[in-house]
Amino acid sequence: MLRTSPHLSVHRWRNHYWIPASHAAPHRVQQDLDATLIRDVGPALAAAGSALLDQSGEVVFVRRLDLDYALDAAWGRDAIARVTAGAFTRSLCRVLSEPDSENVVRFRSAADYLAAYVAARAAGTAALPWFFSTFEGWSALSASAAIRSALADDLETGRAALTSLGSTALADLVEALTDGDARQLVDVLAPAAANGAHVFADVLTLARELASAPPPAPLLRCAGLGVWLLATRTRPVSAWPIHTAVLIMRVLDEAAGRPGMPPFDRLLAMAAEDQHTLARVAVLATNGRREHVERFARALVRRSATPASSVPEVMRRSTRFGGLFLLLGDLLEIDLDHATAGWPTLRGTPALSIVRLAVLALSAGGPGGGDAIVSDPYWRDTFSWSPEIDAEAVT
């Protein structure tokens, strides 16, 4: 509904004719002029107005533009259209040279205009200003549905509008969104994951960023928390890491509310320092198994009490199962491609990737060795496992 290319549009045109009372057929003059203005003024305005349009991207609304000019009813259609377009252009230039007022409203870009609209809907403004008539098709929708529709209508403009919101407007928007609309916005506005993208690496990086700058406490329980994450990132993050980070923050927030547990900020900081435990929490959270998360939250507390390496584990992107690299050559020589041909995917992950990591996990041996391999973020990224897959899903 929002056009982003340079254009000139007139919402309503009203004519008032002053015709001498002595004229033999004043109504005929009115009919002829109306027909000419309807048929021919549009193209003439487009030609005359093109010189007024620039590439700055500025969006300008003029509520009322008065034209006062003389026409000769004996003129041809082209002449009438040309004179009318000239009067329109002169009047518009005069109005645009004046400062902003109730009659003239300017936005620096289409994204700023869109941001102002979604901010007004999120704030619950009862009567929207006249210059939001572009979005009147969404006036009957709830605030959440209107915000989702507006931001998703043009993805590039929607992303720019979302990231331009101030902290107060963004908080209002996050609180106004329903869970379904928030999730859909993240899915469509977040950039697509690149081929070979490391989902767990992105989750770990996101956790580290959030540990240093967590979301405001009132937003932790809002359905639109994922949209807040998307809007406040300084680097591109695809949808899966954002959804997973939201789940992690919610389960850690729940754990923080239990007796004897540290506050949420501290739990999140601990998680960002412990990539293996965080990977397990991510798998559990993604699969909705929140009843097990408290156990890992307490494990975070215990592990944080032990001396840590001077280099944070999340920064090293290494694995404690280094010896298994010696088996990769043998693993690739096994004809698993043929053996798994025609097998279905598991939650978006090819059967070949699942079987290869499962074979490697069985080779790890020892108590819990296989489960530890499956929870290791390095190996999950190496074999491109979806965050939804845990050991139970494979067995």
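148 is the number of the first residue of the sequence shown in the working numbering; add one for each residue after it. The beta carbon of each residue, even a glycine, is placed where N, CA and C say it ideally should be.
Apart from the 5 residues on each side of it in sequence, residue 383 sits with its Cβ closer than 6 Å to the Cβ of 338 in its chain, given in chain order.
Within 10 angstroms of the beta-carbon of residue 368 lie fewer than 16 other beta-carbons, which makes it exposed.
Counting along the chain, the unbroken beta strand (DSSP E) around residue 253 starts and ends at 251 to 254. If you draw a 10 Å sphere on the C-beta of residue 280, you find fewer than 16 other C-beta atoms in it, and that means exposed.
Closest in C-alpha terms to residue 311, from the list 172, 370, 257, 203, comes 257. When the beta-carbon positions are compared, residue 297 and residue 282 come within less than 9 Å of each other. By the beta-carbon neighbour count (other beta carbons within 10 angstroms, threshold 16), residue 165 is exposed.
Sequence-distant Cβ neighbours of residue 533 in its own chain, meaning closer than 6 Å and more than five residues away, are 494, 495, 496. Taking every protein chain shown into account, the CB of residue 490 has fewer than 16 other CB atoms within 10 angstroms, so this residue is exposed. The stretch 262 to 278 makes contact with the stretch 314 to 322: 3 or more CB pairs, one atom from each, lie closer than 8 Å. Per the C-alpha coordinates, the member of 176, 194, 181, 351 positioned closest to residue 155 is 194. Nearest to residue 239 by alpha-carbon distance, out of 418, 262, 215, is 215. Beta-carbon to beta-carbon, residue 361 and residue 412 are separated by about 5 Å, close enough to satisfy the 8 Å threshold.
When DSSP states are grouped into helix, strand and coil, residue 496 belongs to the strand group. Less than 9 Å separates the beta-carbon of residue 332 from that of residue 373. For residue 321, the enclosing alpha helix (DSSP H) starts and ends at 314 to 323.
Separation of residue 349 and residue 260 (C-alpha to C-alpha, rounded to the nearest whole angstrom) is 32 Å. Sequence-distant Cβ neighbours of residue 159 in its own chain, meaning closer than 6 Å and more than five residues away, do not exist here.
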